[in-house]
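J.:
Protein chains in written order, with the working numbering: chain S, 152 to 464; chain U, 152 to 464.
What follows is the structure in structure tokens.
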């Protein structure tokens, strides 16, 4: 496969093309991933998550500068709900990518949310494989940490930073969003705004409720606009990495990720085959009409469908 | 089944218990849904969605007052990411439910996000069935409209209102979140704040890009704190309902919902059976270890698993 060889030789265009193929569920995706797979497993994955408006993008931009100064190469996957109507990448991301276009040590890719079949999570994991095989030292996955699927995505990371802001009343809302438990680090961004200390104190209090032994997530004030505190965030990330390595947890996270990838693939294959079988063998219209008219309940309809395609009990 | 009979006779405790059973995936869930199903299909579903902090809860509370004044009974399903660590309902919702506890025409249920298997969406659809069979005229589904799964939930609604706020810069962020296309109505909440008119203008502009014939989503200024504009929102909801009915779209939405329910059930059954077969027949540890160590790629591992359980190609 030329494309894979080009990627392994460091060709950025091959990197971009392979990610696109993976994201679009190209028929050759499986083949590519299989070929790339032995070359993966070296990159360290950082998840950055937080509510819309928490300033994740500018924080990541600042973080990139510090990481690059230390000589590391970085891939960024910015998971971004698609823009309305068009489904395309939004202008801001294009501008953002241009900012780093001259630095060959950085590669940024935006991804929109895909509808069905857990598509987004699979697309992100695929892009991670490609960037990893390409040889990136770190891969940053930036995602809106509000929805279940979006939270699931950062669960694949080795270290996850949850970004909060002191913006009035918002902190509690964000904390409600169930992202507390996935944070290895907590960033209070825009910490020059009033209420920053209160927000930090609230987060620390919630973390103390946890009462688990082991890594204690730091709460880090940051101002991504001027870069204050970003070096500290980078140090904390490296510290967490060391902690995982020293406690044998790094391997545990890798196994978790492998289990998840396997699980998602099994479900994807199973669902694809079942729907293919149903579509080629059965006309669903009547069944759906019967359910809509309450003549048939969805459970018995679903069971009948599976019987008709000889799905094993 | 006593519980179902009690529900159909209007017993609120039976309503609460059945929703809990459905939410917790009780083994009798299928049986209950099958019995309730012929009694469903009468309720009208309203989706209310928006970013955290947009004031959805207080807006719904105000809307409830107006709906009750018109003599309608209402069920509310508030989809709320679980509180951190505890997994329980948060205090605010308990208080909120108490507010309406004396009004037997209102039934409010909070639901947290459940992990795997599309659990939340199935739980919400189940609760809708139960409330519908109970005889609620309207069912309001209130959800954070940021994540993919959360957006999917409101797609089940007949009319969906997207709640935005003029809070600085937030509007664009929220618009990014991909919820524009699901809105039948747009509410600018907190419209006494500066920037409200600009936000409304932005939304109108984006809606004009759509260029589709048919229903034109209104953009409605509301102040949920004092109730201003809420009666107008209610009128618009009824107008949209009439529009759907007059254009035969109501049935189309019902068929869509039936198709989705059937689809989700098929996938749920398929995944459950596949995992059950895998768990009882195969030890996954070695396979996961091999993937984690890059000795085995996830695709070939997934395909082997499916071969081992004789899953049809």
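All C-beta atoms, glycine included, are put in the ideal place defined by N, C-alpha and C. Treat the numbers as computed from the prediction; the structure is a model and nothing was measured.
Where residue 228(U) and residue 259(U) are concerned, what is the direct C-alpha to C-alpha distance, given to the nearest angstrom?
T.: As a position in the second chain, residue 228(U) is number 77, starting the count at 1. As a position in the second chain, residue 259(U) is number 108, starting the count at 1. Cα-Cα distance, rounded: 6 Å.
J.: Could you please give me the residues that DSSP links to residue 93(U) through a beta bridge?
T.: The question about residue 93(U) has no answer, for chain U in this structure spans 152 to 464.
J.: Under 8 Å: do the segment 348-365 of chain S and the segment 216-227 of chain S share three or more Cβ pairs, one atom per stretch?
T.: no
J.: I'd like to know whether the C-beta of residue 171(U) is nearer than 8 Å to at least one C-beta of chain S.
T.: In the second chain, the residue the question calls residue 171(U) occupies position 20. Using a CB distance cut-off of 8 Å, residue 171(U) does not count as an interface residue toward chain S.
J.: Can you tell me where the alpha helix (DSSP H) holding residue 350(U) begins and where it ends?
T.: Stepping through the second chain from its first residue, residue 350(U) is reached at position 199. That run of the alpha helix (DSSP H) goes 347-359.
J.: Less than 8 Å between the beta carbons of residue 174(S) and residue 307(S), yes or no?
T.: Here residue 174(S) corresponds to residue number 23 of the first chain, with the count starting at 1. Here residue 307(S) corresponds to residue number 156 of the first chain, with the count starting at 1. No, the pair does not count as a contact, with Cβ atoms beyond the cut-off.
J.: Please name the residue, chosen from 316(S), 435(S), 183(S), that lies closest to residue 350(S) on a Cα-to-Cα basis.
T.: Residue 350(S) sits at position 199 when you count from the first residue of the first chain. Closest option to residue 350(S), Cα to Cα, is 316(S).
J.: Compare the Cα-Cα distances from residue 423(U) to each of 187(U), 214(U), 270(U), 210(U) and report the closest residue.
T.: Residue mapping note: residue 423(U) aligns to position 272 of the second chain, counting from 1. The shortest Cα separation from residue 423(U) among 187(U), 214(U), 270(U), 210(U) belongs to 270(U).
J.: Straight-line CA distance for residue 194(S) to residue 405(U)?
T.: Within the first chain, residue 194(S) is the residue found at index 43, counting from 1. Within the second chain, residue 405(U) is the residue found at index 254, counting from 1. In a straight line, the C-alpha of residue 194(S) is about 47 Å away from that of residue 405(U).
J.: What's the C-alpha gap between residue 402(S) and residue 386(S)?
T.: The residue given as residue 402(S) occupies position 251 in the first chain. The residue given as residue 386(S) occupies position 235 in the first chain. C-alpha separation (whole angstroms): 21 Å.
J.: According to the neighbour-count rule (16 or more other Cβ atoms, all chains shown, within 10 Å of its Cβ), is residue 253(U) buried or exposed?
T.: On the second chain, residue 253(U) is found 102 positions in, with the first residue counted as 1. Exposed: under 16 other Cβ atoms inside 10 Å.
J.: Could you please give me the residues that DSSP links to residue 229(U) through a beta bridge?
T.: On the second chain, residue 229(U) is found 78 positions in, with the first residue counted as 1. Answer is 261(U), 293(U).
J.: Measure the CB-CB distance between residue 382(U) and residue 314(U) and report whether it falls below 8 Å.
T.: Looking up residue 382(U) in the second chain gives position 231. Looking up residue 314(U) in the second chain gives position 163. No, the pair does not count as a contact, with Cβ atoms beyond the cut-off.
J.: Please identify the residue among 347(S), 281(S), 369(S), 214(S) whose C-alpha is closest to the C-alpha of residue 161(S).
T.: In the first chain, residue 161(S) corresponds to position 10, counting from 1. The shortest Cα separation from residue 161(S) among 347(S), 281(S), 369(S), 214(S) belongs to 281(S).
J.: With 8 Å set as the bound, which would you pick, yes or no: does the beta-carbon of residue 445(U) sit closer than that to a beta-carbon of chain S?
T.: For the purposes of this step, residue 445(U) is taken as the residue at position 294 of the second chain. Taking Cβ atoms only, chain S reaches closer than 8 Å to residue 445(U), which makes this a yes.
J.: From the DSSP output, in three-state form, read off residue 171(S) for me.
T.: Position 20 of the first chain, counting from 1, holds the residue named residue 171(S). The answer is helix: DSSP assigns residue 171(S) an H, G or I state.
J.: Any idea what DSSP makes of residue 209(U), helix, strand or coil?
T.: As a first step, residue 209(U) must be located in the second chain, where it is residue number 58. Helix at residue 209(U).
J.: If you measure from the beta carbon of residue 155(S) to each beta carbon in chain U, is any gap under 8 Å?
T.: Position 4 of the first chain holds residue 155(S). Cβ-Cβ to chain U under 8 Å: no for residue 155(S).
J.: List, in order along the chain, the chain U residues whose C-beta lies closer than 9 Å to that of residue 195(S)?
T.: Position 44 of the first chain, counted from the start, is the residue given in the question as residue 195(S). In chain order: nothing, as chain U lies at least about 15 Å away.
J.: Following the continuous alpha helix (DSSP H) through residue 401(U), name the residue where it begins and the one where it ends.
T.: By 1-based counting over the second chain, the position of residue 401(U) is 250. First-last of the alpha helix (DSSP H) with residue 401(U): 400-432.
J.: So is residue 459(U) in contact with chain S if we call contact Cβ pairs under 8 Å?
T.: Here the question's residue 459(U) lines up with position 308 in the second chain. Interface with chain S (8 Å Cβ-Cβ cutoff): residue 459(U) is excluded.
J.: Considering only residues of the same chain and omitting the five flanking positions on each side of residue 442(S), which have a CB-CB separation below 8 Å?
T.: Translated into positions along the first chain, residue 442(S) becomes position 291. Hits under 8 Å: 448, 449, 452.
J.: Between the alpha carbons of residue 215(S) and residue 289(S), how many angstroms are there, rounded?
T.: Within the first chain, the letter at position 64 stands for residue 215(S). Within the first chain, the letter at position 138 stands for residue 289(S). Straight-line spacing of the CA atoms in residue 215(S) and residue 289(S) works out to 10 Å.
J.: Report yes if the C-beta distance between residue 421(S) and residue 425(U) is below 8 Å; otherwise report no.
T.: As a first step, residue 421(S) is located in the first chain; it is residue number 270 there, counting from the start. As a first step, residue 425(U) is located in the second chain; it is residue number 274 there, counting from the start. Yes.
J.: What are the start and end residues of the beta strand (DSSP E) that includes residue 199(U)?
T.: Locating residue 199(U) in the second chain gives position 48, where the first residue counts as 1. Its beta strand (DSSP E) spans residues 195-201.
J.: Where does residue 460(S) fall in DSSP's three states?
T.: Here the question's residue 460(S) lines up with position 309 in the first chain. Residue 460(S) falls in the coil class under three-state DSSP.
J.: Please name the residue in 432(S), 262(S), 180(S), 384(S) whose C-alpha comes closest to that of residue 337(S).
T.: In the first chain, counting from the first residue as 1, residue 337(S) sits at position 186. Looking at the Cα atoms, 384(S) is the closest of the given residues.
J.: What is the rounded straight-line gap between the Cα of residue 208(S) and the Cα of residue 263(S)?
T.: On the first chain, position 57 is the one that residue 208(S) refers to. On the first chain, position 112 is the one that residue 263(S) refers to. Approximately 15 Å between the Cα atoms of the pair.
J.: From the DSSP output, in three-state form, read off residue 310(S) for me.
T.: In the first chain, residue 310(S) corresponds to position 159, counting from 1. Correct three-state label for residue 310(S): strand.
J.: Going along the chain, which residues of the segment 331-346 of chain U sit with their C-beta nearer than 7 Å to a C-beta in chain S?
T.: 331, 332
J.: Once you ignore the five residues that flank residue 410(S) on each side, which residues in its own chain have a CB closer than 7 Å to its CB?
T.: Looking up residue 410(S) in the first chain gives position 259. Excluding sequence positions up to five before and after residue 410(S), its CB lies less than 7 Å from no other CB in the same chain.
J.: Which chain S residues sit within Cβ distance under 8 Å of residue 367(U)?
T.: Position 216 of the second chain, counted from the start, is the residue given in the question as residue 367(U). Within chain S, no residue comes near residue 367(U); the closest Cβ sits about 14 Å away, beyond 8 Å.
J.: Residue 187(U): which of 284(U), 255(U), 225(U) sits nearest, CA to CA?
T.: In the second chain, the residue the question calls residue 187(U) occupies position 36. Selected option, being the one with the closest Cα: 284(U).
J.: Could you give the distance in angstroms between the alpha-carbon of residue 197(U) and the alpha-carbon of residue 286(U)?
T.: Residue mapping note: residue 197(U) aligns to position 46 of the second chain, counting from 1. Residue mapping note: residue 286(U) aligns to position 135 of the second chain, counting from 1. In a straight line, the C-alpha of residue 197(U) is about 15 Å away from that of residue 286(U).
J.: Along chain B, which residues have their Cβ under 9 Å away from the Cβ of residue 423(U)?
T.: Of the protein chains in the structure, S and U, none is chain B.
J.: Let me see if you follow: with CB-CB separation under 8 Å, is residue 394(S) close to chain U or not?
T.: Position 243 of the first chain, counted from the first residue, corresponds to residue 394(S). Residue 394(S) does not count as touching chain U.
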